[in-house]
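Single-structure report; data block below.
In the working numbering, the protein residues as written are 32 to 281.
Put into structure tokens, the structure is as follows:
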């Protein structure tokens, strides 16, 4: 099954991001820690290749901590071929604001040591990523109040939004950007499963079966506990029926 989603406003978003990058000291790419590979946009990587990069794995409270740490190491090792310094951290909306802010701002300062509190000019960071990955949630978490609009659907941020933190750091949150062609069908399914593609643009049953296959293989007990199942069929179609009956959908 091939899933594609590249509405017209993405062209405008790409231009906006390309114009914003040169004026920033650090790029902050937010990716979904539940699908780190699928939620990285190759276009963003190409546009920002020459800039210091902080990869923020969002929603870390919903992902496997061991796998998240392995991805953090992977991204930090990528500096050797990227040509610019790279750091990676994990955050979640359940963290205390002070903790999340310290993690992110310290990483940004390490990537751009000539900027920050001891400099005449503030550190300028661009927060970017695919739609509905947690960019605006991260902005609000760092600021400590609701300054960027958030909803559990893609395409909420429409224009560049700037926020100044207490230490003078300037954060710019830009619209989420997809890429024109998703070559790998599994990547498309991951993006649909994670909410990066609107429900109106997908066929729900194949996406649900894809997600169930992953949980049956890796996290069967979470399925049992999450849906309060007495038993878990090993077949994805049968498991989907069991979940549907438990939720009163069948």
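A virtual CB, placed ideally from N, CA and C, is assigned to each residue, including glycine.
Separation of residue j from residue i, as counted between CA atoms
i           : j           : result
residue 65  : residue 233 : 19 Å
residue 121 : residue 104 : 11 Å
residue 274 : residue 55  : 47 Å
residue 100 : residue 108 : 13 Å
residue 226 : residue 250 : 20 Å
residue 277 : residue 212 : 37 Å
residue 58  : residue 123 : 19 Å
residue 79  : residue 159 : 10 Å
residue 43  : residue 49  : 10 Å
residue 61  : residue 145 : 23 Å
residue 220 : residue 258 : 22 Å
Run of the beta strand (DSSP E) containing residue i, from where it starts to where it stops
i           : result
residue 201 : 201-204
residue 41  : Residue 41 -> not in any beta strand (DSSP E); alpha helix (DSSP H) instead, spanning 40-51.
residue 156 : 155-159
residue 192 : 192-195
7 Å CB neighbourhood of residue i in its chain, flanking five on each side removed
i           : result
residue 242 : 224
residue 67  : 88, 102
residue 271 : 239, 240, 243
Local Cβ density within 10 Å of residue i, reported as buried at 16 or more and exposed below that
i           : result
residue 81  : exposed
residue 280 : exposed
residue 193 : exposed
residue 118 : buried
residue 136 : buried
residue 63  : buried
residue 195 : exposed
Contacting residues, own chain, Cβ-Cβ under 8 Å from residue i (five flanking each side not counted)
i           : result
residue 186 : Unreliable positioning characterises residue 186 in this predicted model, as indicated by a pLDDT of 48, which lies under 50. A coordinate reading is not provided.
residue 52  : 58, 78, 79, 82, 157
Range of the contiguous alpha helix (DSSP H) that encloses residue i
i           : result
residue 119 : From DSSP, residue 119 is part of no alpha helix (DSSP H) but of the beta strand (DSSP E) over 117-121.
residue 172 : 166-174
residue 97  : 96-108
residue 25  : In this structure the chain extends from 32 to 281, so residue 25 is not present and cannot be described.
Legend entry - Length at least 3, wholly inside the segment 221-270: the beta strand (DSSP E) runs in chain order: none
Legend entry - Secondary structure, alpha helix (DSSP H): runs of 4+ residues fully inside the segment 51-87: 73-78
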